[in-house]
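Single-structure report; data block below.
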Amino acid sequence: MHERWTRLLEILSERGRVDVGEAAELLGVSPATVRRDMEELAQQQLLTRTRGGAVLSGVAYDLPLRYKAARQKDEKNRIARAAAELVPPGAVVGLNGGTTTSEVARELATRADLASHSGGPALTIVTNAINIANELAVRPHVKTVVTGGVAQPNSYELTGPLATMLLRRLSLDFAIVGVNAVDPKLGAATQDEGEANANRAMAERAGKVIVVADSTKLGKRAFALVCKVTEISVLITDEAAPEKLVEQFTSQGVEVLCV
């Protein structure tokens, strides 16, 4: 169901409006199903119902995290596993918000060698994502540190001066960062400048910056810079990454893992 809702919201994002019949044909479902979906999404204020269809809501448009999770799901799972494998026991790891970094958190939380660790925390996770903190807080072998800040409704990230102030006082072994876009010239970026500020502070305090981004984000640009290409230690993406783009990253000293 969430995958269907995600696709419906993507269609609206591309077109601005859509009628029930058109949406039913594009989604391969009945008009009755589309009407129910539109009503449910309208209640969540993600679209506005019109006679015979729907239009985008008047609010700033960005898919909430729970709907983004359906995109490139297999690729994100592989990327998350590869990122988690790079973290040794005892490390201090920064994680920002996002679907891929949420998967990284799950992979770290369930890693057998960490779960069986005794004599103090096996891992320290510093995060500005309240959904990640919620999942990790019940793991006794993980020390979870949460920044302050203002919660963003779409990404669950805490942003603002409170978040950046804490991050700038910490020292991290790794920052595992999810972004909206990674361009070989402009670097890693996100759409929201508040999120970018917090993510940038996290990256600046890390010994190694690991960017996790599926291939649909490579070569793309987004509004606010998180870090330059030369500040990225490792880029983990999927096997569909264009070879030319991979070469552009590796030529600047970035280790690229295509999984």
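Just so you know, we're using our numbering here: the sequence shown kicks off at 2 and counts up by one. Quick reminder that beta carbons are idealized off the backbone N, C-alpha and C, glycines included. Every value quoted in this text rests on a predicted model; they were computed, and no experiment measured them.
For secondary structure counted as the alpha helix (DSSP H) over 4 or more consecutive residues, the segment 140–172 holds these complete runs in sequence order: 162–168. Secondary-structure assignment with DSSP links isoleucine 237 through a beta bridge to Val213, Leu258. Fully contained in the segment 23–61 are the following beta strand (DSSP E) runs of length 3 or more, in chain order: 48–51, 54–57.
Counting other Cβ atoms within 10 Å of its Cβ, serine 156 reaches 16 or more and is therefore classed as buried.
Spanning the alpha carbons of valine 257 and asparagine 135 requires a straight line of approximately 31 Å. Distance from the CA of aspartate 38 to the CA of tryptophan 6, rounded to the nearest whole angstrom, comes to 7 Å. For valine 105, the enclosing alpha helix (DSSP H) begins and ends at 100–110. Alanine 199 is not a Cβ neighbour of asparagine 132, given a cutoff of 8 Å.
Sixteen is the threshold: since fewer than 16 other Cβ atoms of the shown chains lie within 10 Å of the Cβ of glycine 254, the residue is exposed. With respect to the C-alpha of leucine 163, the residue from Lys144, Asp174, Val151 having the closest C-alpha is Val151. The Cβ-Cβ distance between threonine 145 and alanine 202 does not fall below 8 Å.
Annotated three-state conformation of phenylalanine 175 is strand, per DSSP. In this structure, the straight-line span from the alpha carbon of aspartate 215 to that of serine 119 is close to 35 Å.
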